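Peer 1: Residue numbers (the working numbering), protein chains in the order written: chain A, -4 to 215; chain B, -4 to 215.
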DNA sequence: AATAAAATAGGTCCTTAGTCCTAATTTTGA
DNA sequence: TCAAAATTAGGACTAAGGACCTATTTTATT
């Protein structure tokens, strides 16, 4: 059981019932966000899905903003947990770890949750500082892992180079979401995308040279 | 001046005043969508931005859904126009054309319009069939160009292979949007991303083999 | 069992939003 | 010029949504 870092009212969640209620609320909110998008997410719908009254929902989350903040943290934490499990199960070879992570991420793009949640998060992050913070914290952790692996695979690169290659690789994979995600037109091409991605990114990580990344004219 | 394929009421836009009004409406809607997201886009805000009444706005667009549909078409058409101009100005060499298009797309990610509009479009397309259609029509046209160039660069590939490589490349670039777009944390790394992308994608297009894409076991 | 805190229900208030209606005003072509 | 069509303003209606308040019930602890 993951500890919940809640932005709710002081006192809430002290009893078991309250703890479970919070999980129910987050779960229901997550489902509605995934199925109907942020514009379809309302306090009333959430309360109805959980089977409680709006008054009770506001007891746990004073504002919708508070709820959204906890919701994003909740989903992001769950994703990171799985990500770390995958890495830890992938053995010691950096190449194998990288391939395992690439395959996990691309396979995961095709789950309904990821297909719908992340584009919603990207859109939210354009206007909501909280969403933006959560999102970039998440991807920062993912990039950190990739950066380590890239530097092992290609010791000639500087830390800055590794960071940039990691940024390119992780961002590229996310880009597949709206196209090969669950229910998307190219969903059936996911296996091909996985093969192209593993090969292309591994080749990139192993062969790119520092001089090919850095700017030639010193742009400070 | 681009012809407008409008989903508005019959009769509207017959006078010059009406034609200009429609453009004002689409422009204002686009600005609000980009600045406040879909959840912040309301008929009243649009009317106020244009300087007309809600009654008048509904004279042009009976429903918000109709307006959104035209709005997405409008922005997408504008993007495609620019895209085609870039290709036509890039000379005859497929490699040069491809590099020019990659650089255009990545540079464009860093405009406020693209940074904010496209994630919104991806999110909308999860729940709005109309948005989904417009989005995939757009990317289909972009992929078609890349597919042609890839097949010229690598004649050993089948049409299906070219399509998949084009899908991978175009989707990968889009993935950079939430990270190196205008105002995003890695905006300053855009030049590095451009260098990595042009090199990586060109290498991929020229060197990938059909056997590395196709599934080994017939997963029909 | 008693008690204090937590959890809940049910209602209210106010704002925003989408849609529609009708009477005026403006535009354009015959 | 003048009549038909297009454009416009200014409301009105209804629904949905966020937030708040209070009385009641439930829970856990002593």
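Every residue, glycine too, gets a C-beta built ideally from N, C-alpha and C. No experiment lies behind these values; they were computed from the predicted model shown.
Is there a Cβ of chain B sitting closer than 8 Å to that of residue 34(A), yes or no?
Peer 2: Residue mapping note: residue 34(A) aligns to position 39 of the first chain, counting from 1. With 8 Å as the cut-off, residue 34(A) counts as an interface residue toward chain B.
Peer 1: Which residues in chain A have a C-beta closer than 8 Å to the C-beta of residue 184(B)? List them in chain order.
Peer 2: Sequence index remark: in the second chain, residue 184(B) carries index 189 (1-based). Those within 8 Å of residue 184(B) in chain A are 159, 162.
Peer 1: Which whole-angstrom value is the C-beta distance of residue 89(B) and residue 173(B), which I expect to be below 8 Å?
Peer 2: Here the question's residue 89(B) lines up with position 94 in the second chain. Here the question's residue 173(B) lines up with position 178 in the second chain. Not really, about 30 Å apart at Cβ, beyond 8 Å.
Peer 1: Could you check the C-alpha separation between residue 120(A) and residue 35(B) for me, to the nearest Å?
Peer 2: Residue mapping note: residue 120(A) aligns to position 125 of the first chain, counting from 1. Residue mapping note: residue 35(B) aligns to position 40 of the second chain, counting from 1. If I take the Cα positions, the gap works out to 14 Å.
Peer 1: What are the residues in the region 163 to 177 of chain B lying within 7 Å of chain A by C-beta distance?
Peer 2: 163, 166, 167, 168, 169, 170, 171, 173, 174
Peer 1: Would you identify the three-state DSSP class for residue 88(B), choosing helix, strand or coil?
Peer 2: Against the second chain, residue 88(B) aligns to sequence position 93. Residue 88(B) falls in the coil class under three-state DSSP.
Peer 1: Residue 80(B): buried (16+ other C-beta within 10 angstroms of its C-beta) or exposed?
Peer 2: Along the second chain, read from residue 1 onward, the residue named residue 80(B) stands at position 85. Residue 80(B) is exposed by the Cβ-count criterion.
Peer 1: State the start and end residues of the unbroken alpha helix (DSSP H) segment that holds residue 7(A).
Peer 2: Indexing the first chain from 1 puts residue 7(A) at position 12. Premise fails: residue 7(A) is in no alpha helix (DSSP H) and is neither H nor E.
Peer 1: Looking only at its chain, what residues have a beta carbon closer than 7 Å to the beta carbon of residue 70(A), apart from the 5 residues adjacent to it on each side?
Peer 2: Start at 1 with the first residue of the first chain, and residue 70(A) comes out as number 75. 25, 112, listed in sequence order.
Peer 1: Alpha carbon to alpha carbon, how far is residue 97(A) from residue 49(A)? Give it in angstroms, no decimals.
Peer 2: For the purposes of this step, residue 49(A) is taken as residue 54 along the first chain, with counting starting at 1. For the purposes of this step, residue 97(A) is taken as residue 102 along the first chain, with counting starting at 1. So the two alpha carbons sit approximately 42 Å from each other.
Peer 1: Does any CB atom of chain A fall closer than 8 Å to the CB of residue 215(B)?
Peer 2: In the second chain, residue 215(B) corresponds to position 220, counting from 1. Unreliable placement is indicated for residue 215(B), whose pLDDT of 34 sits below 50; the coordinate value is still reported in the next sentence. So no, residue 215(B) is outside the interface.
Peer 1: Does residue 39(B) pass the burial test, meaning 16 or more other C-beta atoms within 10 Å, or should it be called exposed?
Peer 2: Here residue 39(B) refers to the residue found at position 44 when the second chain is read from its first residue. Taking a 10 Å sphere around the C-beta of residue 39(B), we find fewer than 16 other C-beta atoms and assign the residue as exposed.
Peer 1: Applying the criterion that 16 or more other CB atoms from any shown protein chain within 10 Å of the CB defines a buried residue, is residue 283(A) buried or exposed?
Peer 2: Given that chain A is displayed from residue -4 to residue 215, the structure contains no residue 283(A) and the question cannot be resolved.
Peer 1: Going by beta carbon distance, what residues of the same chain come within less than 7 Å of residue 106(A), once the five residues before and after it are set aside?
Peer 2: Taking the first chain and counting its residues from 1, the one referred to as residue 106(A) is at position 111. Excluding its 5 nearest sequence neighbours in each direction, residue 106(A) has C-beta neighbours in its own chain below 7 Å: 177, listed in chain order.
Peer 1: Would you please state the rounded distance, in angstroms, between the beta carbons of residue 203(B) and residue 140(B)? I believe it to be under 8 Å.
Peer 2: Within the second chain, numbered from 1, the residue matching residue 203(B) stands at position 208. Within the second chain, numbered from 1, the residue matching residue 140(B) stands at position 145. Not a contact, Cβ separation roughly 18 Å.
Peer 1: Among the candidates 91(A), 184(A), 95(A), whose CA atom is the shortest distance from the CA of residue 77(A)?
Peer 2: Translated into positions along the first chain, residue 77(A) becomes position 82. When the alpha-carbon of residue 77(A) is set against those of 91(A), 184(A), 95(A), the nearest one is in 95(A).
Peer 1: The ligand NAD and residue 135(A): does any heavy atom of the ligand fall closer than 7 Å to the residue's C-beta?
Peer 2: The ligand NAD is absent from the structure shown, which contains no ligand whatsoever.
Peer 1: Using a threshold of 8 Å, state whether the C-beta atoms of residue 57(B) and residue 138(B) are closer than that.
Peer 2: For the purposes of this step, residue 57(B) is identified with residue 62 of the second chain, where counting begins at 1. For the purposes of this step, residue 138(B) is identified with residue 143 of the second chain, where counting begins at 1. No; because the gap between Cβ atoms is not below 8 Å, this pair is not in contact.
Peer 1: So, is the C-beta of residue 118(A) closer than 8 Å to a C-beta in chain B?
Peer 2: Taking the first chain and counting its residues from 1, the one referred to as residue 118(A) is at position 123. At least one chain B Cβ lies under 8 Å of residue 118(A).
Peer 1: Tell me the DSSP secondary structure of residue 138(A) in three-state form.
Peer 2: Within the first chain, residue 138(A) is the residue found at index 143, counting from 1. Three-state DSSP puts residue 138(A) in a helix.
Peer 1: Residues of chain A with CB under 8 Å from residue 52(B), in chain order?
Peer 2: Taking the first residue of the second chain as position 1, residue 52(B) is located at position 57. Result: empty, since nearest Cβ-Cβ is about 19 Å, beyond 8 Å.
Peer 1: Could one say the Cβ of residue 151(A) lies closer than 8 Å to chain B's Cβ atoms, at least one of them?
Peer 2: Stepping through the first chain from its first residue, residue 151(A) is reached at position 156. Answer no: the Cβ-Cβ gap between residue 151(A) and chain B never drops below 8 Å.
Peer 1: Going by C-alpha to C-alpha distance, which of 209(A), 116(A), 12(A) sits closest to residue 32(A)?
Peer 2: Here residue 32(A) corresponds to residue number 37 of the first chain, with the count starting at 1. The shortest Cα separation from residue 32(A) among 209(A), 116(A), 12(A) belongs to 116(A).
Peer 1: Nearest chain A C-beta to residue -4(B) closer than 8 Å, yes or no?
Peer 2: Here the question's residue -4(B) lines up with position 1 in the second chain. Summary for residue -4(B): the model assigns pLDDT 40, below 50, so the residue's position carries little reliability; its value from the coordinates is reported in the next sentence. False, the Cβ-Cβ gap to chain A never drops below 8 Å.
Peer 1: Between residue 171(A) and residue 188(A), which are expected to be in contact by the criterion C-beta below 8 Å, what is the C-beta distance as a whole number of angstroms?
Peer 2: To locate residue 171(A), count along the first chain from 1; it is residue 176. To locate residue 188(A), count along the first chain from 1; it is residue 193. Their Cβ separation, rounded to whole angstroms, is 6 Å, which keeps residue 171(A) and residue 188(A) in contact under 8 Å.
Peer 1: Counting C-beta neighbours from all protein chains within 10 Å, is the total for residue 151(A) 16 or more, i.e. buried, or is it exposed?
Peer 2: Along the first chain, read from residue 1 onward, the residue named residue 151(A) stands at position 156. Classification for residue 151(A): exposed.
Peer 1: Short of 8 Å in beta carbon distance, which residues of its chain neighbour residue 66(B), apart from the five on each side in sequence? Order them along the chain.
Peer 2: On the second chain, position 71 is the one that residue 66(B) refers to. 21, 24, 25, 28.
Peer 1: How should residue 184(A) be labelled, buried or exposed, when 16 other C-beta atoms within 10 angstroms of its C-beta is the threshold for buried?
Peer 2: Taking the first residue of the first chain as 1, we reach residue 184(A) at position 189. That one is buried.
Peer 1: For the region 99 to 117 of chain B, list every residue whose C-beta sits within 8 Å of some C-beta in chain A, in sequence order.
Peer 2: 110, 111, 114, 115, 117
Peer 1: Does the Cβ of residue 74(B) have 16 or more other Cβ atoms within 10 Å, making it buried, or fewer, making it exposed?
Peer 2: By one-based count along the second chain, residue 74(B) stands at place 79. Residue 74(B) comes out buried.
Peer 1: Mark residue 169(B) as exposed unless 16 or more other C-beta atoms lie within 10 angstroms of its C-beta, in which case mark it buried.
Peer 2: Within the second chain, the letter at position 174 stands for residue 169(B). Counting Cβ neighbours within 10 Å, residue 169(B) comes out buried, since at least 16 surround it.
Peer 1: Is residue 124(A) close to chain B? Criterion is C-beta to C-beta, closer than 8 Å.
Peer 2: Within the first chain, the letter at position 129 stands for residue 124(A). For residue 124(A), the answer is no, since every Cβ of chain B falls outside 8 Å of its Cβ.
Peer 1: If the criterion is Cβ atoms closer than 8 Å, does the pair residue 130(B) and residue 200(B) meet it?
Peer 2: Counting from one through the second chain, the residue named residue 130(B) turns up at place 135. Counting from one through the second chain, the residue named residue 200(B) turns up at place 205. No, the pair does not count as a contact, with Cβ atoms beyond the cut-off.
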